[in-house]
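Colleague: Residue numbers (the working numbering): 68 to 267.
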């Protein structure tokens with residue numbers, strides 16, 4: 068069975084523009100993969116705690132030396148990682164907030180990047196352990212940033228996922244959504260055309 072993991076990171080949950088773009092793609096994917104499984108992780112409805120010293124120490128502690136509280140922290144991280152490992156396709160709804168990714172998504176990333184679990188260090192550098200997956204990123208932005216120095220997201224996402232072994236990353240941008248109704252609708256229409264082609 069093919070499994071798709073949808074990660075929504077908008078503060079507005081399913082009502083965010085990035086989430087709606089992701090939803091459209093997932094609906095088209097389901098039409099072509101009737102037997103497929105869809106797992107949705109909504110970081111607005113179920114936010115991941117931000118990484119702190121206690122959580123990081125739990126990841127570093129040897130399994131046999133962890134306290135019950137540390138075991139719970141690691142089990143939570145393991146569950147997030149398990150969703151990534153089980154997925155064949157990853158769909159990310161990604162708004163831009165203040166030139167960056169949503170803080171809840173950064174917290175999520177901090178919980179799934181674990182040495183020896185999703186990547187490992189070697190004599191020649193780090194090697195990602197999550198491979199053979201397709202990643203689709205639906206990036207919604209109020210302004211126009213793609214291809215400019217102000218686009219802090221694209222390289223960051225490619226580098227982070229590549230660090231985990233996920234190198235097949237496709238972006239669909241919907242930009243200028245806060246620049247008036249006409250530019251907004253034009254940008255969404257263009258994004259819809261692109262994502263429909265990808266889904267096909």
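Beta carbons are placed, not taken as given, at the ideal position from N, Cα and C, and that holds for glycine.
In three-state terms, what does DSSP make of residue 206?
Modeller: Here the question's residue 206 lines up with position 139 in the chain shown. Three-state result, residue 206: strand.
Colleague: For residue 208, count the other beta carbons within 10 Å of its own beta carbon; 16 or more makes it buried, fewer makes it exposed. Which is it?
Modeller: The residue given as residue 208 occupies position 141 in the chain shown. The residue in question, residue 208, is buried, as its Cβ has 16 or more Cβ neighbours within 10 Å.
Colleague: How about the region 222-229 and the region 103-111: do they share at least three Cβ pairs that are nearer than 8 Å?
Modeller: In short, these stretches do not touch, since the Cβ pair count stays below three.
Colleague: In its own chain, which residues sit with a C-beta less than 6 Å from the C-beta of residue 236, not counting the 5 before and 5 after it?
Modeller: Start at 1 with the first residue of the chain shown, and residue 236 comes out as number 169. Around residue 236: 202, 225 and 228.
Colleague: In terms of residues, what are the limits of the beta strand (DSSP E) holding residue 187?
Modeller: Taking the chain shown and counting its residues from 1, one reaches residue 187 at position 120. Note, residue 187: beta strand (DSSP E), 186-189.
Colleague: Under DSSP, the alpha helix (DSSP H) around residue 179 begins and ends at which residues?
Modeller: Counted from its first residue, the chain shown places residue 179 at position 112. First-last of the alpha helix (DSSP H) with residue 179: 170-179.
Colleague: What is the DSSP secondary structure of residue 264, reduced to helix, strand or coil?
Modeller: Locating residue 264 in the chain shown gives position 197, counting from the first residue. Looking at residue 264 - three-state DSSP - the assignment turns out to be helix.
Colleague: Between which residues of its own chain and residue 211 is the CB-CB distance below 8 Å, once the five residues before and five after are set aside?
Modeller: Translated into the one-based positions of the chain shown, residue 211 becomes position 144. So the qualifying residues of the chain are 242, 243 and 246.
Colleague: Which same chain residues, not among the five before or five after residue 159, have their C-beta less than 6 Å away from its C-beta?
Modeller: On the chain shown, position 92 is the one that residue 159 refers to. 74 and 204.
Colleague: Count the other CB atoms within 10 Å of the CB of residue 254; is the residue buried (16 or more) or exposed (fewer)?
Modeller: As a working note, residue 254 is residue 187 in the chain shown. By the neighbour-count rule (16 or more Cβ atoms within 10 Å), residue 254 is buried.
Colleague: Have a look at the DSSP bridge pairing and note the partners of residue 193.
Modeller: In the chain shown, residue 193 corresponds to position 126, counting from 1. The partner list for residue 193 (beta bridge, DSSP) reads 188.
Colleague: Measure the CB-CB distance between residue 183 and residue 232 and report whether it falls below 8 Å.
Modeller: Start at 1 with the first residue of the chain shown, and residue 183 comes out as number 116. Start at 1 with the first residue of the chain shown, and residue 232 comes out as number 165. In this structure, residue 232 does not lie closer than 8 Å to residue 183 by Cβ.
Colleague: Checking 8 Å against the spacing of the C-beta atoms, do residue 88 and residue 156 come in under that value?
Modeller: Locating residue 88 in the chain shown gives position 21, where the first residue counts as 1. Locating residue 156 in the chain shown gives position 89, where the first residue counts as 1. No.
Colleague: Check whether the region 74-85 and the region 160-175 touch, using three or more Cβ-Cβ pairs below 8 Å as the test.
Modeller: Yes, the region 74-85 touches the region 160-175.
Colleague: Is residue 174 closer than 8 Å to residue 93 when the C-beta atoms are compared?
Modeller: If you number the chain shown from 1, residue 93 lands on position 26. If you number the chain shown from 1, residue 174 lands on position 107. Cβ distance not < 8 Å, so residue 93 and residue 174 don't count as in contact.
Colleague: Quickly, what does DSSP pair residue 268 with across the bridge? List them, please.
Modeller: With the chain covering only 68 through 267, there is no way to say anything about residue 268.
Colleague: Leaving aside the five residues before and after residue 150 along the sequence, list all residues of the same chain whose C-beta is less than 8 Å from its C-beta, in chain order.
Modeller: Here residue 150 corresponds to residue number 83 of the chain shown, with the count starting at 1. If we look at residue 150 and ignore the five residues flanking it on each side, its Cβ neighbours are 72, 106 and 108.
Colleague: Using DSSP's beta-bridge definition, name the partner residues of residue 162.
Modeller: Position 95 of the chain shown, counting from 1, holds the residue named residue 162. 207, per the DSSP bridge assignment.
Colleague: Do residue 177 and residue 118 have their beta-carbon atoms positioned less than 8 Å apart in this structure?
Modeller: Counted from its first residue, the chain shown places residue 118 at position 51. Counted from its first residue, the chain shown places residue 177 at position 110. It is a contact, given that the beta carbons lie within the stated cut-off.
Colleague: Anyone know if the C-beta pair for residue 120 and residue 69 falls short of 8 Å?
Modeller: Residue mapping note: residue 120 aligns to position 53 of the chain shown, counting from 1. Residue mapping note: residue 69 aligns to position 2 of the chain shown, counting from 1. No. Outside cutoff.
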